[in-house]
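Participant:
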Amino acid sequence: MRHLSIVLMFAAVASVAAQSGDDAVKKEIKLFQGKWQATFAQSFDGQEQSNVEIQLTTLDVDGEMFTMKTGSLTVKGSFTVDPSQKIKTIDVFFGNNKDMPLRGIYEIKGDTRKSCFSLPGKDRPTEFKKGKGYQYLEWQADK
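For the sequence shown, the numbering used here begins at 543 and goes up steadily by one.
Here it is, written out as structure tokens:
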């Protein structure tokens, strides 16, 4: 009987922890909502985007879905976040492809956000890096 009560107590604690984590994720997802304007972008080849390209790059986030536009190119996808990590993590999925996410990290301060991604199949960045092999982006909320 004692083992059963220990198991039930553990299950209750795990359930509360999962709910707290879910609440933290929902709260964090809310910070992403709305329209964003790129202020800086560097592609995986290490090249910074021009001011014209930056001005044409926008992001619209609705729930866990996003639409990014750069000039005439439109990309749709989804994302997940884990705000419990020391450096908050984000995984981005393009279209319906859930097998090969872009793994990254992000930081949101007020109306600004920055993120850094590694190439598909590579380890997640452990710091915000600019340079070849990483995609680095900065955004301003468009309010």
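By construction, the Cβ of each residue, glycine as well, lies at the ideal position given by its N, Cα and C atoms. Given the structure is predicted, the values throughout are model-derived calculations rather than measurements.
Quick check: what's the CA-CA separation for Leu661 versus Val634?
Facilitator: Roughly 12 Å separates the two Cα atoms.
Participant: Taking just the CA atoms, how far does Lys671 sit from Gln677?
Facilitator: Spanning the alpha carbons of Gln677 and Lys671 requires a straight line of approximately 8 Å.
Participant: Strictly by DSSP, which residues pair up with Glu680?
Facilitator: Glu680 pairs with Phe582 and Lys656.
Participant: Just tell me which of Phe659, Asn593, Lys628 and Gly605 has its CA closest to the CA of Lys569.
Facilitator: Gly605
Participant: Closest to Ile629 by C-alpha separation, out of Leu615, Ser620, Ser657 and Phe608, would be which residue?
Facilitator: Looking at the Cα atoms, Ser657 is the closest of the given residues.
Participant: Suppose the cutoff is 6 Å on Cβ atoms and the five residues either side in sequence are ignored; what does the same chain contact list for Gly673 look like?
Facilitator: Gly588
Participant: So, at 6 Å on beta carbons, what are the nonlocal neighbours of Lys618 in its own chain, with the 5 sequence-adjacent residues on each side left out?
Facilitator: Thr609
Participant: In angstroms with no decimal places, state the Cα-to-Cα distance between Ala560 and Asn593.
Facilitator: Reliability of the predicted coordinates at Ala560 is poor, the pLDDT of 38 falling under 50, and the value obtained from them is presented with this limitation in mind. Taking the straight line from one Cα to the other gives about 43 Å.
Participant: Leaving out five residues before and five after Thr612 in sequence, what residues of the same chain have Cβ atoms less than 7 Å from its Cβ?
Facilitator: Glu595, Leu598 and Thr599
Participant: I need the straight-line Cα distance from Leu573 to Phe582, nearest angstrom please.
Facilitator: 19 Å
Participant: Between Asp716 and Ile571, what straight-line distance do the alpha-carbon atoms span, to the nearest angstrom?
Facilitator: The structure shown does not extend to residue 716, since the chain is modelled only from 543 through 685, so no value can be given for it.
Participant: Can you list, in chain order, the residues of its chain whose CB lies under 8 Å from that of Gly675, leaving out five sequence neighbours each side?
Facilitator: Phe586, Gly588, Ser660, Leu661 and Lys664
Participant: Go ahead and label Ser614 buried or exposed: buried means 16 or more other beta carbons lie within 10 angstroms of its beta carbon, across all protein chains shown.
Facilitator: Result: exposed.
Participant: So for Leu644, helix, strand or coil by DSSP?
Facilitator: strand
Participant: Go to Ile596, then tell me how far its alpha helix (DSSP H) extends in each direction, as first and last residue.
Facilitator: Asn593 to Gln597
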